[in-house]
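Residue numbers are given in this note's numbering: position 245 of the sequence shown equals residue 346, and the series is strictly consecutive. Take a look at the structure set out below.
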Amino acid sequence: MSLKGRVAIVTGSTSGIGLGIAQTLAAEGAAIMLNGFGPADEIEKLRKDIAGKHGVEVRYSAADMSKPAEIAGMVKAAHDELGGVHILVNNAGIQFTANIEDFPAAKWDAIIAINLSAAFHAMQAAIPIMKEGGWGRIVNIASAHGLVASPQKAAYVAAKHGLVGLTKVAGIELANSGVTANAICPGWVPTPLVEKQIDDRAAKDGRTVDDVRHELLAEKQPMLQFSTPEEIGALTVFLCSDSAKTITGVPLSIDGGWTAG
Ligand code: NAD
């Protein structure tokens with residue numbers, strides 16, 4: 102229980118990687134502010150399950166990560182209801198694929214808002230609290246697409262490269278404050294965000310989902326296996342540990358070799 106007494110906000114934690122991170126942090130004793138969309142009864146069940154299984158306080162904020170005022174409200178609620186903000190995991194994200202000339206401007210704006218600007222707004226609200234306590238961990242969930250590009254992902258690749266840049270600035274600015282800021286750059290992780298891309302490609306090409314799943318890995322990852330949300334959670338826990346106190350301002354890949362080549 103290395104994180105007992107710490108309070109963690111995990112944005113976009115009602116599903117996929119964020120949920121895996123919230124569960125892993127809770128298993129280490131951190132109190133959790135969940136966030137994200139979904140049916141109210143399912144979210145309440147998640148909240149109760151995590152709290153019951155790990156014996157920690159778990160709250161939920163419905164803040165929309167495209168709305169700066171709601172982001173500030175979520176950070177304040179964590180501080181007021183859970184007694185602090187020690188760990189901020191900026192994870193909420195969306196995807197849309199099209200060539201640049203066909204990319205709807207509204208989709209560009211939404212992806213930049215949720216995948217990049219939300220992290221800025223959450224950091225702006227959380228950093229003063231972390232600095233006051235002399236300890237903090239900011240973990241930005243970027244992507245292999247924060248380091249390299251793929252076609253048809255203009256907004257996503259731009260946002261994730263931006264998130265890596267924002268992380269570097271925070272690492273330097275916060276260097277002697279007890280607060281670190283790092284980015285995690287996963288390759289493929291089987292979550293609803295990726296399953297949709299697999300289903301879409303299978304339907305478009307008239308192929309089986311298993312075929313497309315293998316093809317997706319083979320296209321990008323020398324290691325032909327997915328990382329799991331729990332593995333991203335374990336890396337987050339490591340970044341929150343005292344052993345990681347001098348790791349700051351870096352993108353850490355967990356991508357089966359995707360960006361090694
Ligand atoms: P997911 O679709 O399973 O989860 C996304 C979460 O974000 C959900 O909880 C959703 O409700 C929430 N969300 C979406 N829009 C929101 C908004 N406006 N306000 C608040 N919450 C919102 O996706 P995932 O695959 O778990 O992705 C999580 C993060 O990991 C994203 O930033 C994604 O870019 C990144 N990532 C995913 C992969 C992958 O292969 N799955 C790889 C690299 C990076």
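Yeah, the Cβ is synthetic: ideal placement off N, Cα and C, and Gly gets one too. Just so we're clear, the structure is a prediction, and the values are computed from it rather than from any experiment.
For residue i and residue j, what's the separation of their Cα atoms in angstroms?
i, j, result
"Asn200", "Leu135", "34 Å"
"Val295", "Lys177", "32 Å"
"Arg232", "Ala271", "The question names Arg, but residue 232 in the sequence shown is Lys. Cα to Cα, Lys232 sits roughly 12 Å from Ala271."
"Gln326", "Val310", "15 Å"
"Asp312", "Asp165", "35 Å"
"Leu189", "Ala131", "12 Å"
"Thr112", "Glu202", "31 Å"
"Trp236", "Lys154", "27 Å"
"Phe339", "Leu126", "10 Å"
"Gly234", "Ala282", "16 Å"
"Arg314", "Gln124", "26 Å"
"Gln298", "Ala255", "16 Å"
"Gly263", "Ala214", "11 Å"
"Ile172", "Ala226", "8 Å"
"Leu317", "Thr198", "15 Å"
"Gln253", "Val280", "36 Å"
"Val159", "Ile133", "5 Å"
Is it buried or exposed for residue i, if we count other Cβ within 10 angstroms and need 16 for buried?
i, result
"Arg238", "buried"
"Pro287", "buried"
"Arg308", "exposed"
"Ser162", "buried"
"Asn277", "exposed"
"Asp397", "With the chain covering 102 to 362 only, the question about residue 397 has no answer from this structure."
"Ile273", "exposed"
"Ala109", "buried"
"Asp356", "buried"
"Gly121", "buried"
"Ala206", "exposed"
"Ala193", "buried"
"Gly368", "The structure shown has nothing for residue 368, since the chain only spans 102 to 362."
"Gly334", "buried"
Beta-carbon within less than 7 Å of residue i's beta-carbon, same chain only, minus the 5 sequence neighbours each way: which residues are those?
i, result
"Tyr257", "Gln196, Ile212, Asn216 and His246"
"Gly358", "Gln322, Pro323 and Met324"
"Lys261", "Asn216, Ala243, Ser244, His246 and Gly247"
"Ser367", "Not covered by the structure: residue 367. The range shown for the chain is 102 to 362."
"Ala250", "Val258"
Give every residue of the same chain whose Cβ lies closer than 8 Å to the Cβ of residue i, excluding the five residues on either side of it in the sequence, and list them in chain order.
i, result
"Leu267", "Leu217, Ala220, Phe221, Met224 and Asn241"
"Gly117", "Val290, Thr292, Pro293, Leu294 and Pro330"
"Ile144", "Thr115, Leu135, Gly137 and Tyr161"
Nearer than 6 Å: is that true of the beta carbon of residue i relative to any heavy atom of ligand 1?
i, result
"Val351", "no"
"Pro287", "yes"
"Gly279", "no"
"Gly307", "no"
"Phe197", "no"
"Pro140", "no"
Leaving out five residues on either side along the sequence, give the residues of the same chain with a beta carbon under 6 Å from the beta carbon of residue i.
i, result
"Val265", "Ala243, Gly247, Ala284 and Pro352"
"Ala128", "His155"
"Ser344", "none"
"Ser167", "Ala214 and Ile215"
Any C-beta of chain C sitting closer than 7 Å to the C-beta of residue i?
i, result
"Lys168", "Checking the listed chains, one finds no chain C in this structure; it contains a single protein chain."
Three-pair Cβ contact test at 8 Å for the region 136-146 versus the region 338-352: no
Under 8 Å: do the region 176-193 and the region 148-156 share three or more Cβ pairs, one atom per stretch? no
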